[in-house]
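>
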Ligand SMILES: Nc1ncnc2c1ncn2[C@@H]1O[C@H](COP(=O)(O)OP(=O)(O)OP(=O)(O)O)[C@@H](O)[C@H]1O
Ligand SMILES: [Mg+2]
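Protein chains in written order, with our numbering: chain X, 8 to 254; chain E, 999 to 1249.
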């Protein structure tokens, strides 16, 4: 089976930073998976997602989409972005429009949908993320959690097959968090894949099919949560001992 | 002030009304103020426009009053030049004459009247503009420009700046709070140093935000054009009627 998306030995180093953010990382991502990326601050989680979404081009290694290497031409990236969505760590970085409705409509229109189809996509995504009653509100008058859900809706409106999410559940209250996880589940049930970078160990344990453990830019494990939890060496790379109590 | 205007622009009763309609009424009133030469036109326009803003759109009088009040101070200062003339002889038929060193400042009845006339028309126009600004958020004004076929680049710049402005204002607030909590403004010297740091830091944050924004836009398929769906509005018949009556009363 060819993976939906795959990283093959990718390395990435930020300009002006001598330590590589990602080193020879390989990760096949199949359809219909719940993947959680764990690792401490600076481990390379965000970088992994940036590479997987084609935002940054790795200096070494390759990214594959549906069994073909991603070419970084305009059309190649366009194809990648039709299938792979990225929700950024800070919603303020993602929301560019002052109107929630217009912000969500941006992605669908870029996919080439006509106005009626785009309107439909906006409504669906808004309902999915529970932001329908925020549609005519200004972006800057939303709370942090509301912004996060609007940012998610803006990406879901493009109906990606693979959703890359950078800590979207941080800053959400427990209802909103549950809501967002339900949205992820629905996407997975439709054959999509969600890759979530997070520090939420409880969520990883409960929800993930696969846990990717990153440490200093290297992928040190890709395994079901039970296996990661059973390995003290891996646990030590992710969080201090107290954090694991009761999980 | 900016935040308050913005807040009411989103919260007033005419928020959903088509910006073309509100814009047409405001522009028509401004034109009438400029074109008609009757003595009462400006004052009437001022009164009507404040009334529509306060009673019909339900913007609090406090807010509408503060905005027009601030404007009237500026406008009054700028018509002083019309009312007062400066000479080096005591004026013959002045209503008011004040010696100022070797010079005489004087105002005649006619010059005062002209000044008031100019002031009233400027205030009437300002009130009409306030009506538009206090009832119409900038995103709707931008939408209005889009429909009037303004260049796409201009529209995108306006939209992005508007959004960025509020993100930066929030950032500024947070940084000032954080500095204050660490006694950043406890003394003269600290204030000086803190504000200098604030300025340079804000610049860096603005730059980083713009880069992050570009990443996010790219991820959503940005290809050089910020295309978004138009907003939808209602048309308020009653407002047309009110606008018509105001116009008629001015003419
Ligand atoms: N713009 C940048 N310029 C230079 N170095 C960077 C930049 N962004 C990240 N890095 C470095 O790359 C490494 C990986 O960063 P990354 O943002 O991927 O970490 P992360 O796992 O997402 O961390 P966090 O949990 O804090 O979000 C870090 O050492 C970081 O200092
Ligand atoms: Mg990160």
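The beta carbon of each residue, even a glycine, is placed where N, CA and C say it ideally should be.
#1: For the stretch 1015-1023 of chain E against the stretch 1135-1153 of chain E, are there 3 or more C-beta pairs whose distance is under 8 Å?
#2: Comparing the CB of residue 246 of chain X with every heavy atom of ligand 2, is any distance shorter than 7 Å?
#3: Of all the CB atoms in chain X, is at least one closer than 8 Å to the CB of residue 1229 of chain E?
#4: Measuring straight from C-alpha to C-alpha, what distance separates residue 139 of chain X and residue 132 of chain X?
#5: Out of X:42, X:36, X:14, X:166, state which residue places its alpha-carbon closest to the alpha-carbon of residue 207 of chain X.
#6: Where do the N-terminal and C-terminal ends of the alpha helix (DSSP H) with residue 1031 of chain E fall, by residue?
#7: Give the list of continuous beta strand (DSSP E) stretches no shorter than 3 residues that lie fully inside the stretch 97-135 of chain X.
#8: Give me whichever residues DSSP pairs with residue 41 of chain X in a beta bridge.
#9: Taking beta-carbon pairs under 8 Å, can you tell me which members of the stretch 98-113 of chain X lie near chain E?
#10: Whose C-alpha, out of E:1099, E:1012, E:1120, is nearest the C-alpha of residue 1057 of chain E?
#11: Is residue 1020 of chain E a contact residue of ligand 1, with contact defined as CB to any heavy atom under 7 Å?
#12: Would you tell me roughly how many angstroms separate the C-alpha atoms of residue 1064 of chain E and residue 189 of chain X, rounded to the nearest one?
#13: Tell me the residue span of the beta strand (DSSP E) that contains residue 222 of chain X.
#14: Might you give, ordered along the chain, the residues of its own chain that have their beta carbon closer than 6 Å to the beta carbon of residue 202 of chain X, omitting 5 neighbours on each side?
#15: Taking C-beta to C-beta, are residue 161 of chain X and residue 114 of chain X nearer than 8 Å?
#16: Residue 1098 of chain E bridges to which residues according to DSSP?
#17: For residue 1151 of chain E, would you say it is in contact with chain X, using Cβ-to-Cβ distances shorter than 8 Å as the test?
#18: Report the neighbours of residue 60 of chain X on chain E: residues whose CB is nearer than 8 Å to its CB, in chain order.
#19: Just mark residue 185 of chain X as buried or exposed, buried being the case when its beta carbon has 16 or more other beta carbons within 10 Å.
#20: Determine whether the Cβ of residue 189 of chain X lies closer than 8 Å to any Cβ atom of chain E.
#21: Is the distance from the Cβ of residue 1229 of chain E to the Cβ of residue 80 of chain X below 8 Å?
#22: Buried or exposed for residue 999 of chain E, going by 16 or more other Cβ atoms inside 10 Å?
#23: Check the DSSP bridge columns for residue 1232 of chain E and list the partner residues they point to.
#24: Which residue comes first and which comes last in the beta strand (DSSP E) that contains residue 239 of chain X?
#25: Compute the Euclidean distance between the alpha carbons of residue 1039 of chain E and residue 1100 of chain E, then round it to the nearest angstrom.
#26: With respect to the beta strand (DSSP E) encompassing residue 33 of chain X, which residues constitute its N-terminal and C-terminal limits?
#27: Could you tell me which of X:222, X:210, X:102 sits nearest to residue 1164 of chain E, measuring between CA atoms?
#28: Tell me whether residue 53 of chain X counts as near ligand 2, meaning its Cβ is closer than 7 Å to at least one heavy atom of that ligand.
#29: Would you mind giving the Cβ-Cβ distance between residue 212 of chain X and residue 231 of chain X, rounded to the nearest angstrom? I have them listed as a contact below 8 Å.
#30: May I ask which residues mark the beginning and end of the beta strand (DSSP E) holding residue 153 of chain X?
#31: CB residue 44 of chain X to CB residue 175 of chain X, shorter than 8 Å?
#32: Within the continuous beta strand (DSSP E) that includes residue 69 of chain X, where are the two ends?
#33: Which one or two residues does DSSP pair with residue 15 of chain X in a beta bridge?
So, from the listed chains and residues:
#1: A contact between stretches requires three or more CB pairs, one per stretch, nearer than 8 Å, and the stretch 1015-1023 of chain E meets this requirement with the stretch 1135-1153 of chain E.
#2: By 1-based counting over the first chain, the position of residue 246 of chain X is 239. Short note on residue 246 of chain X: C-beta not closer than 7 Å to any heavy atom of ligand 2.
#3: To locate residue 1229 of chain E, count along the second chain from 1; it is residue 231. Contacts with chain X at 8 Å (Cβ-Cβ) include residue 1229 of chain E.
#4: Position 132 of the first chain, counted from the first residue, corresponds to residue 139 of chain X. Position 125 of the first chain, counted from the first residue, corresponds to residue 132 of chain X. C-alpha separation (whole angstroms): 9 Å.
#5: For the purposes of this step, residue 207 of chain X is taken as residue 200 along the first chain, with counting starting at 1. Comparing Cα-Cα distances from residue 207 of chain X to each of X:42, X:36, X:14, X:166, the minimum goes to X:42.
#6: The residue given as residue 1031 of chain E occupies position 33 in the second chain. Following the DSSP letters along the chain, one finds residue 1031 of chain E inside the alpha helix (DSSP H) bounded by residues 1017-1033.
#7: As for any beta strand (DSSP E) of minimum length 3 sitting wholly inside the stretch 97-135 of chain X, there is none.
#8: Position 34 of the first chain, counted from the first residue, corresponds to residue 41 of chain X. The partner list for residue 41 of chain X (beta bridge, DSSP) reads X:201.
#9: For the stretch 98-113 of chain X, the set of positions with a beta-carbon nearer than 8 Å to some beta-carbon of chain E reads 99, 100, 101, 102, 103, 104, 105, 106, 108, 109, 110, 112, 113 in chain order.
#10: Translated into the one-based positions of the second chain, residue 1057 of chain E becomes position 59. Ranked by Cα distance from residue 1057 of chain E, the options E:1099, E:1012, E:1120 are led by E:1012.
#11: Counting from 1 along the second chain, the entry for residue 1020 of chain E is found at position 22. Not under cutoff, so the answer is no.
#12: In the second chain, counting from the first residue as 1, residue 1064 of chain E sits at position 66. In the first chain, counting from the first residue as 1, residue 189 of chain X sits at position 182. If you take the alpha carbons of residue 1064 of chain E and residue 189 of chain X, they lie about 48 Å apart.
#13: Along the first chain, read from residue 1 onward, the residue named residue 222 of chain X stands at position 215. First-last of the beta strand (DSSP E) with residue 222 of chain X: 217-222.
#14: To locate residue 202 of chain X, count along the first chain from 1; it is residue 195. Answer for residue 202 of chain X: 42, 171, listed in chain order.
#15: Here residue 161 of chain X refers to the residue found at position 154 when the first chain is read from its first residue. Here residue 114 of chain X refers to the residue found at position 107 when the first chain is read from its first residue. Residue 114 of chain X sits close to residue 161 of chain X, with the two beta carbons spaced by under 8 Å.
#16: Numbered from 1 along the second chain, position 100 holds the residue referred to as residue 1098 of chain E. Answer by DSSP bridge pairing, in chain order: E:1101.
#17: Stepping through the second chain from its first residue, residue 1151 of chain E is reached at position 153. No - not a single Cβ of chain X is within 8 Å of the one on residue 1151 of chain E.
#18: Sequence index remark: in the first chain, residue 60 of chain X carries index 53 (1-based). Chain-order list of chain E residues neighbouring residue 60 of chain X: 1217, by C-beta distance under 8 Å.
#19: Residue 185 of chain X sits at position 178 when you count from the first residue of the first chain. The residue is exposed, with fewer than 16 neighbouring Cβ atoms inside 10 Å.
#20: Residue mapping note: residue 189 of chain X aligns to position 182 of the first chain, counting from 1. No, no contact with chain E.
#21: Numbered from 1 along the second chain, position 231 holds the residue referred to as residue 1229 of chain E. Numbered from 1 along the first chain, position 73 holds the residue referred to as residue 80 of chain X. Note that the C-beta distance between residue 1229 of chain E and residue 80 of chain X is not below 8 Å.
#22: Locating residue 999 of chain E in the second chain gives position 1, counting from the first residue. When all chains shown are included, residue 999 of chain E counts as exposed.
#23: As a first step, residue 1232 of chain E must be located in the second chain, where it is residue number 234. Its beta-bridge partners are E:1015.
#24: What you label residue 239 of chain X is simply residue 232 of the first chain in a count that begins at 1. Where residue 239 of chain X is concerned, there is no enclosing beta strand (DSSP E), although the alpha helix (DSSP H) it sits in stretches over 239-245.
#25: Stepping through the second chain from its first residue, residue 1039 of chain E is reached at position 41. Stepping through the second chain from its first residue, residue 1100 of chain E is reached at position 102. Looking at the backbone, the Cα of residue 1039 of chain E and that of residue 1100 of chain E are separated by about 39 Å.
#26: The residue you call residue 33 of chain X lines up with position 26 of the first chain. Here the beta strand (DSSP E) through residue 33 of chain X covers 29-36.
#27: Here the question's residue 1164 of chain E lines up with position 166 in the second chain. Among X:222, X:210, X:102, the Cα nearest to that of residue 1164 of chain E belongs to X:102.
#28: As a position in the first chain, residue 53 of chain X is number 46, starting the count at 1. Because some heavy atom of ligand 2 lies under 7 Å away, the Cβ of residue 53 of chain X counts as near it: yes.
#29: Within the first chain, residue 212 of chain X is the residue found at index 205, counting from 1. Within the first chain, residue 231 of chain X is the residue found at index 224, counting from 1. Between residue 231 of chain X and residue 212 of chain X the Cβ distance is about 10 Å, and since that is not below 8 Å, they are no contact.
#30: Taking the first residue of the first chain as 1, we reach residue 153 of chain X at position 146. Per DSSP, residue 153 of chain X belongs to no beta strand (DSSP E); it is in the alpha helix (DSSP H), 151-163.
#31: Working through the first chain from its first residue, we reach residue 44 of chain X at position 37. Working through the first chain from its first residue, we reach residue 175 of chain X at position 168. Result no, Cβ atoms of residue 44 of chain X and residue 175 of chain X do not sit closer than 8 Å.
#32: As a first step, residue 69 of chain X must be located in the first chain, where it is residue number 62. In this chain, the beta strand (DSSP E) harbouring residue 69 of chain X covers 67-72.
#33: Taking the first chain and counting its residues from 1, one reaches residue 15 of chain X at position 8. Note: residue 15 of chain X sits in a beta bridge opposite X:69.
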